[in-house]
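Asker:
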Amino acid sequence: MWSSLIEYQQPTTLGAALKLLTRPSPRTIPLAGGVWLVARRDSSIQAVVDLSALGLDFIEARKDRLRLGAMTTLQALATHPSVKYLADGLLAETAQRSALLPIRNRATLGGTLVVGESTSEIVLSLLILEARLVIRSPQRRMVSVEAFLENPKEHLPPSSLIVEIVVPHPETGSRAALAEVSRTPRGRPIINAAALVSRQGDVIRAARLVLGGVAARSIRLPSVEAALRGQSLNEEKLSEAAALVRDAISPQSDERASAEYRREMAGVAAVRALRQAWAQAGRE
Amino acid sequence: MDILLTINGEERQVTAQVGETLLEVLRRLGYVGVKHGCEDGSCGVCAVLLDGQVVHSCILLAVRAEGHDITTIEGIGTYDHPHPLQAAFAASGAVQCGYCTPAMILSAKALLDRNPHPTESEIREALSGVLCRCTGYVKPVEAVLQVAEGGV
């Protein structure tokens, strides 16, 4: 039981939800899927605002982008036909890998972003696809997922809500790949990497590279991306890329893995993802 | 607070505290086939179906289940008229200590209700939300496959 909880509200308008979140007391927080919050049973929280009646669980395919409501569940993302076609199914696949089925049936896209686990596969894919968040406070602002992950407290103050995630289609012909290092096939990865590569003949036109497990949140590696531009990805270049990755990061040791292991595996995962994305982009 | 829960097709008026989880409320009402395990959504033995989808009841506030259909193991069959999955699990040795069994069976039911002919890989994926320390998952997967292939 979450003993400190004394109040539950399920508003039907965004305005009402935001109003509840603005009041100074009792301590009130938004409740999305609840899989993370209810497990923690934070005793400083006294009231929750259930976001499930705000109509934020939509998936809308537009010509050049996907609009995803913040309350869309990971399972909806993993199975919806419109999502399966984006970036060769990267979004759908990462949604499926991010959590096991009973969690996916409740966990939401917005909630997963706020929890911001560094190795969350869905967060990695949103980062690599340069998704943008629509935040209401009630003023409407848009912020890139990258900027949000760098400073979540600044972009999402306590009385604001992520309402939508906009995912632009990646460049035609670009291909994405995910690589993970974990102890068990479905366990939380220690390190993961995603790469998005577009080719012009035998060289990289543009590459994007993201890593999980080497910082507090998922990160992009612009310095490595820049070095890859115009390169042909043979094994020698991939080796150089691994070295660049290792130099670009400052992982910490924890009970799951040492900093040295994380650094080494970051290079390995990045290369696997790049190699696969490069090969797939070349088959077009 | 007073909430109206629909459990195995039956409406029940329940008084629950705001912070009570569905697991606690269900067990309090006598649905003890819903097992108490980790309390944080990692073991899966508390699994119930919410509108046909498998969820962890230990991390779901009971009040949020109002207006949805809750299915527990008690609702899918009886000792005299077991659900095919219950019969298959019992007959095939897929039950050892039995603690994860209700959750496994409900997870399998959720799968078969939307995909009557799953592959072994799909069955494993469907059961992956439930930890089992006894069986190594071999016989539970076989039991589900058997039911899917109409063998029970």
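Listed in order, the protein sequences are those of chains A and B.
Start counting the first sequence at 927; every next residue gets the next number (this note's numbering).
Start counting the second sequence at 302; every next residue gets the next number (this note's numbering).
Just so it is clear, CB atoms sit at the ideal spot from N, CA and C, and this is done for glycine as well.
(1) Comparing the C-beta of residue 321 (chain B) with each C-beta of chain A, is any distance below 8 Å?
(2) Can the beta-carbon of residue 1004 (chain A) be found less than 8 Å from the beta-carbon of residue 1018 (chain A)?
(3) I'd like the list of long-range same chain contacts for residue 404 (chain B), defined as Cβ closer than 6 Å, with 5 residues on each side in sequence excluded.
(4) Drop a sphere of 10 angstroms on the beta-carbon of residue 1097 (chain A), count the other beta-carbons inside from all chains shown, and report buried for 16 or more, exposed for fewer.
(5) Measure the C-alpha to C-alpha separation of residue 453 (chain B) and residue 1073 (chain A) and round it to an integer number of angstroms.
(6) Is any beta-carbon of chain A found at less than 8 Å from that of residue 423 (chain B)?
(7) Of all Cβ atoms in chain B, is any one closer than 8 Å to the Cβ of residue 976 (chain A)?
(8) Do we get a CB-CB distance below 8 Å when we pair residue 930 (chain A) with the residues of chain B?
(9) Which two residues bound the contiguous alpha helix (DSSP H) that contains residue 421 (chain B)?
(10) Taking the DSSP output, what are the residues bridged to residue 994 (chain A)?
(11) Using a Cβ-Cβ cutoff of 7 Å, what residues of the region 344-371 of chain B are near chain A? List them in chain order.
(12) So is residue 341 (chain B) in contact with chain A if we call contact Cβ pairs under 8 Å?
(13) Are the C-beta atoms of residue 927 (chain A) and some chain B residue less than 8 Å apart?
(14) If you drop the 5 nearest sequence neighbours on each side, which residues of the same chain put their C-beta closer than 7 Å to that of residue 1010 (chain A)?
(15) Can you tell me whether DSSP reads residue 934 (chain A) as helix, strand or coil?
(16) If we call anything under 8 Å between Cβ atoms a contact, is residue 961 (chain A) one with residue 1029 (chain A)?
(17) Mind checking if residue 1091 (chain A) is an interface residue toward chain B, Cβ cutoff 8 Å exclusive?
(18) For a contact meaning CB atoms closer than 7 Å, what does residue 1031 (chain A) contact in chain B?
(19) With residue 921 (chain A) as the anchor, note down where its beta strand (DSSP E) starts and where it stops.
(20) Confirm, please, whether the CB-CB distance from residue 1170 (chain A) to residue 1153 (chain A) is below 8 Å.
(21) With C-beta atoms as the reference, is residue 1053 (chain A) less than 8 Å away from residue 1091 (chain A)?
(22) Taking the alpha helix (DSSP H) that residue 1022 (chain A) belongs to, which residues open and close that run?
(23) Compute the Euclidean distance between the alpha carbons of residue 305 (chain B) and residue 973 (chain A), then round it to the nearest angstrom.
(24) Give the range of the alpha helix (DSSP H) segment to which residue 968 (chain A) is assigned.
(25) Got a sec? Which residues, its chain only, sit under 6 Å from residue 1103 (chain A) by beta carbon, not counting five neighbours each side?
(26) Among B:352, B:374, B:343 and B:400, which one has its Cα closest to the Cα of residue 331 (chain B)?
(27) If we call anything under 8 Å between Cβ atoms a contact, is residue 944 (chain A) one with residue 1055 (chain A)?
(28) Could you pull the DSSP bridge partners for residue 327 (chain B) from this structure?
(29) Considering Cα atoms alone, identify which of A:1015, A:970 and A:1082 is closest to residue 1036 (chain A).
(30) List, in chain order, every chain B residue whose beta-carbon is nearer than 7 Å to that of residue 1026 (chain A).
(31) Run through chain A and tell me which residues come within less than 7 Å of residue 314 (chain B), C-beta to C-beta.
(32) Whether or not the region 415-430 of chain B and the region 379-397 of chain B are in contact is what I'm after, with contact meaning three or more pairs of Cβ atoms, one per stretch, closer than 8 Å; do they touch?
(33) Would residue 375 (chain B) pass as an interface residue toward chain A - the criterion being a Cβ-Cβ separation below 8 Å?
(34) Please classify residue 948 (chain A): does DSSP put it in a helix, a strand, or coil?
(35) Taking the alpha carbon of residue 365 (chain B) as the reference point, which residue from A:951, A:949 and A:979 has its own alpha carbon closest?
Answerer: According to the structure shown:
(1) yes
(2) yes
(3) 345, 346, 348 and 431
(4) exposed
(5) With a pLDDT of only 49 at residue 453 (chain B), under the threshold of 50, the placement of this residue in the model should not be trusted; the figure read from the coordinates follows. Distance between the alpha carbons of residue 453 (chain B) and residue 1073 (chain A) is about 55 Å.
(6) no
(7) yes
(8) yes
(9) 421-428
(10) A:985 and A:1091
(11) 345, 348, 354, 355, 356, 357, 360, 361, 362, 364 and 365
(12) yes
(13) yes
(14) 1018
(15) strand
(16) yes
(17) no
(18) 354, 355 and 356
(19) Nothing in the structure corresponds to residue 921 (chain A), since chain A is present only between 927 and 1210.
(20) yes
(21) no
(22) 1016-1024
(23) 21 Å
(24) Residue 968 (chain A) -> no alpha helix (DSSP H), and no H or E assigned at all.
(25) 1121, 1199, 1202 and 1203
(26) B:374
(27) no
(28) None; residue 327 (chain B) has no bridge partner.
(29) A:1082
(30) 429 and 430
(31) Within 7 Å Cβ-Cβ: nothing; residue 314 (chain B) doesn't reach chain A, min ~17 Å.
(32) no
(33) no
(34) helix
(35) A:979
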